[in-house]
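Undergrad: At position 287 of the sequence shown the residue is numbered 286 (numbering that gives the first Met the number 0), and the sequence of numbers has no breaks.
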Amino acid sequence: MNILEFQNVSKKFFTQRLYENVELEVNSGDKIALRGNNGSGKSTLIKLITEEIYPDKGRVVVEEEARIACFDQFSRIDLDMIVEVLLNLPFEEVIAAQQELDEVSAKFTDTDADMDALMERYSEANDRFESLGGYSYMHIKEEFIEVFGLGDKLQRKFRELSGGEKQYIRLATTLFSNSDLIILDEPLSFFDIKKTKWLTDYINNSPKAFMVISHNVDFIRSFATRVFDVDNFTVTPYDCDYSSFLKEKKSRIKEDKKHNLKTDLVIEETMARVEKKMKLIERVDNKHAHAVMLRRMERELEKLEKDKVEFSKEYKYEYLAAPKDFFNYKNEIADEIVSISNITKEYPEKFLFKEASLDILGDTKMVVVGKNGAGKSTLLKILAGMEEPTSGEVFRNERAKVAYIEQETVFEDDKMFIKDYIMDKTGLNEEFTEAAIDSLYNYEEEFRTKKIFMLSGGEKKRLEIFTHILADTHLLIIDEPSTYMDDYSRDTIAKMLMDYPGAVVLVTHDKALLRKIDFTLYDIRDNRFRLKQTG
0 MNILEFQNVS KKFFTQRLYE NVELEVNSGD KIALRGNNGS GKSTLIKLIT EEIYPDKGRV
60 VVEEEARIAC FDQFSRIDLD MIVEVLLNLP FEEVIAAQQE LDEVSAKFTD TDADMDALME
120 RYSEANDRFE SLGGYSYMHI KEEFIEVFGL GDKLQRKFRE LSGGEKQYIR LATTLFSNSD
180 LIILDEPLSF FDIKKTKWLT DYINNSPKAF MVISHNVDFI RSFATRVFDV DNFTVTPYDC
240 DYSSFLKEKK SRIKEDKKHN LKTDLVIEET MARVEKKMKL IERVDNKHAH AVMLRRMERE
300 LEKLEKDKVE FSKEYKYEYL AAPKDFFNYK NEIADEIVSI SNITKEYPEK FLFKEASLDI
360 LGDTKMVVVG KNGAGKSTLL KILAGMEEPT SGEVFRNERA KVAYIEQETV FEDDKMFIKD
420 YIMDKTGLNE EFTEAAIDSL YNYEEEFRTK KIFMLSGGEK KRLEIFTHIL ADTHLLIIDE
480 PSTYMDDYSR DTIAKMLMDY PGAVVLVTHD KALLRKIDFT LYDIRDNRFR LKQTG
């Protein structure tokens, strides 16, 4: 089945051109990776599919009977609903079909019943049950509960779950919905290897079509049979796996650049030829002929320019450490910024860690790793003064300014201009602020006049971290910063944190980011916080 089709679609985001003349289709069973740099328009493409927004030109045609489900990390769910009830919601039709089967089966013991009518009704109910995947739904649900560690949470209210557990429930209600196309935008938040493998297997074995945005390349490689590449002001479909896509795109770019080079040579030759003719016309002082020749040349050159392939800006993100004048330090901290001694943290339903000790100095650079639920985020909150340990001692230097940066970036007023936001938070003057914006966003002047809500997820995270770096901050405590980041953004953040003169405590599952930073590695494992042994 043809689920949807883009017919000559063009879209701008305010004055920013995203793509033009897009032609693509999504069919049953497609496993699509939607890729592109931060800000290229991936999320906008999803909104076009779900009809949250509409194209400026062209049509998005969705098959009348097609059902589309989109994983939304911020979707509203009744906080008082029981987890098991939420997990059963996608299976309501299956459960109803099963109940009907049970009712019919029970009537076979009635000797007065019309057996022919019962058999016909049973056959119809069984066909419906099978068509809904009835014989596999219980297995799938139970497997999900086991892999995602929800077995002891089934009778809890949604509000009582952790951030990661809430995301798992949102993901389940999307994956198990009776849909033809499942759209997943960065689904791997709070995932470990086991959960990632489960999702990979589910996608590969499902008859549904999937469209997935993820900056985890290994995950994308594991299932994608098609790639939609958002780049160069269009969306190009590649009917191949991700590795083949990379080769094909490299070859296509090479050919397009060769084509542009040839066109540039033709333009130069045309201009030289016209210039000679213009000189001849000037000698005879023929103004009419001069004007005609000028118009002809303009049309010819315009046609040649249109024939060239237009490339998006090639981001290099050679981020340079901000000049010392940027940093608004009133004084440096010679002593510990934060110190914990033999702390233990536990909740009524869970024990996290015990006897954890750590001294954070002015130049400490460290990463905390560990399985989901081990207590990494809780440790960060204790260091930031947002939570207290169950036992043990915590010292926080009153002279030190500490910034806690959560995984989800939320701005109080996202209608603010980027420049105003930085100036308000850092006290920098306009000249320094514009220089900072240029450094952060690859010297694209348009960012000087952009508002925060116009940024992509990765661009917002870079702004949030960079603003704290520029402020009078001695310690950055950062929880999973790279969830929505492409490689360019990840490189920027890594260089930024390495150059930052203050202390950094970072939690991340991102192996690509870990390879880019030379931080001391700690882990929380078996209820212990310790220096991680490597090698």
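C-beta atoms are modelled at their ideal positions from N, C-alpha and C, and glycine is treated no differently. Just so we're clear, the structure is a prediction, and the values are computed from it rather than from any experiment.
Are the segment 84-100 and the segment 157-175 touching, with three or more C-beta to C-beta distances below 8 Å?
TA: At 8 Å Cβ cutoff, the stretches touch.
Undergrad: DSSP state of F410, grouped into three classes?
TA: Along the sequence shown, read from residue 1 onward, the residue named residue 410 stands at position 411. DSSP places F410 in coil when its eight states are reduced to three.
Undergrad: Can you tell me where the beta strand (DSSP E) with N203 in it begins and where it stops?
TA: Along the sequence shown, read from residue 1 onward, the residue named residue 203 stands at position 204. No beta strand (DSSP E) holds N203; the alpha helix (DSSP H) holding it covers 192-204.
Undergrad: Identify the continuous alpha helix (DSSP H) that holds D174 and give its terminal residues.
TA: Taking the sequence shown and counting its residues from 1, the one referred to as residue 174 is at position 175. The sequence shown places Leu at residue 174, rather than the Asp named in the question. Here the alpha helix (DSSP H) through L174 covers 162-174.
Undergrad: Would you kindly report the start and end of the unbroken alpha helix (DSSP H) that includes D419?
TA: Residue mapping note: residue 419 aligns to position 420 of the sequence shown, counting from 1. Counting along the chain, the alpha helix (DSSP H) containing D419 begins and ends at 417-425.
Undergrad: What does a CB cutoff of less than 8 Å around T472 pick up in its chain, not counting 5 residues either side in sequence?
TA: Within the sequence shown, the letter at position 473 stands for residue 472. Hits under 8 Å: K400, V401, A402, G501.
Undergrad: Ends of the alpha helix (DSSP H) at N125?
TA: Here residue 125 corresponds to residue number 126 of the sequence shown, with the count starting at 1. N125 -> alpha helix (DSSP H) spans 114-130.
Undergrad: Looking at L454: is its Cβ nearer than 8 Å to the Cβ of I421?
TA: Indexing the sequence shown from 1 puts residue 454 at position 455. Indexing the sequence shown from 1 puts residue 421 at position 422. Their beta carbons are not under 8 Å apart, which means L454 does not touch I421 by this criterion.
Undergrad: If you draw a straight line from the C-alpha of Y201 to the C-alpha of N177, how long is it?
TA: As a first step, residue 201 must be located in the sequence shown, where it is residue number 202. As a first step, residue 177 must be located in the sequence shown, where it is residue number 178. Taking the straight line from one Cα to the other gives about 15 Å.
Undergrad: Roughly how many angstroms separate the alpha carbons of D255 and D490, rounded to a whole number?
TA: Position 256 of the sequence shown, counting from 1, holds the residue named residue 255. Position 491 of the sequence shown, counting from 1, holds the residue named residue 490. C-alpha separation (whole angstroms): 27 Å.
Undergrad: Taking the runs of the beta strand (DSSP E) that are 3 residues or longer, which of them lie wholly in the segment 461-534?
TA: Those beta strand (DSSP E) runs which fall completely within the segment 461-534 and span 3+ residues are 474-478, 502-506, 519-524, 527-530.
Undergrad: So, with DSSP's three-state summary, where would you put I212?
TA: For the purposes of this step, residue 212 is identified with residue 213 of the sequence shown, where counting begins at 1. Strand.
Undergrad: Quick test of the definition: if touching needs 3 or more C-beta pairs under 8 Å, does the segment 370-378 touch the segment 509-518?
TA: No: fewer than three Cβ pairs fall under 8 Å.
Undergrad: DSSP puts R225 in a beta bridge; with which residues?
TA: Sequence index remark: in the sequence shown, residue 225 carries index 226 (1-based). According to DSSP, R225 bridges with I31.
Undergrad: Against chain B, does Y167 count as a neighbour if the rule is that its beta carbon must be under 8 Å from one of theirs?
TA: Note that chain B does not occur in the displayed structure, where there is just one protein chain.
Undergrad: Please report the distance separating the alpha-carbon of E411 from that of G162.
TA: Counting from 1 along the sequence shown, the entry for residue 411 is found at position 412. Counting from 1 along the sequence shown, the entry for residue 162 is found at position 163. Between E411 and G162, the C-alpha separation is close to 20 Å.
Undergrad: Smallest Cα separation from E22: which of E4, D29, F12, A32?
TA: By one-based count along the sequence shown, residue 22 stands at place 23. Comparing Cα-Cα distances from E22 to each of E4, D29, F12, A32, the minimum goes to E4.
Undergrad: Should D179 and I2 be called a contact, given that it needs their Cβ atoms to be closer than 8 Å?
TA: As a working mapping, residue 179 is identified with position 180 in the sequence shown. As a working mapping, residue 2 is identified with position 3 in the sequence shown. In contact: D179 and I2 (Cβ atoms closer than 8 Å).
Undergrad: Let's see if you can read the secondary structure: which residues bound the beta strand (DSSP E) around F352?
TA: Your numbering for residue 352 matches position 353 in the sequence shown. From DSSP, the beta strand (DSSP E) with F352 extends over 349-359.
Undergrad: Work out the CA separation of V393 and K41 for me, nearest whole Å.
TA: By one-based count along the sequence shown, residue 41 stands at place 42. By one-based count along the sequence shown, residue 393 stands at place 394. Distance between the alpha carbons of K41 and V393 is about 44 Å.
Undergrad: In whole angstroms, give me the CA-to-CA distance for L496 and L474.
TA: Working through the sequence shown from its first residue, we reach residue 496 at position 497. Working through the sequence shown from its first residue, we reach residue 474 at position 475. Looking at the two C-alpha atoms, the distance is approximately 11 Å.
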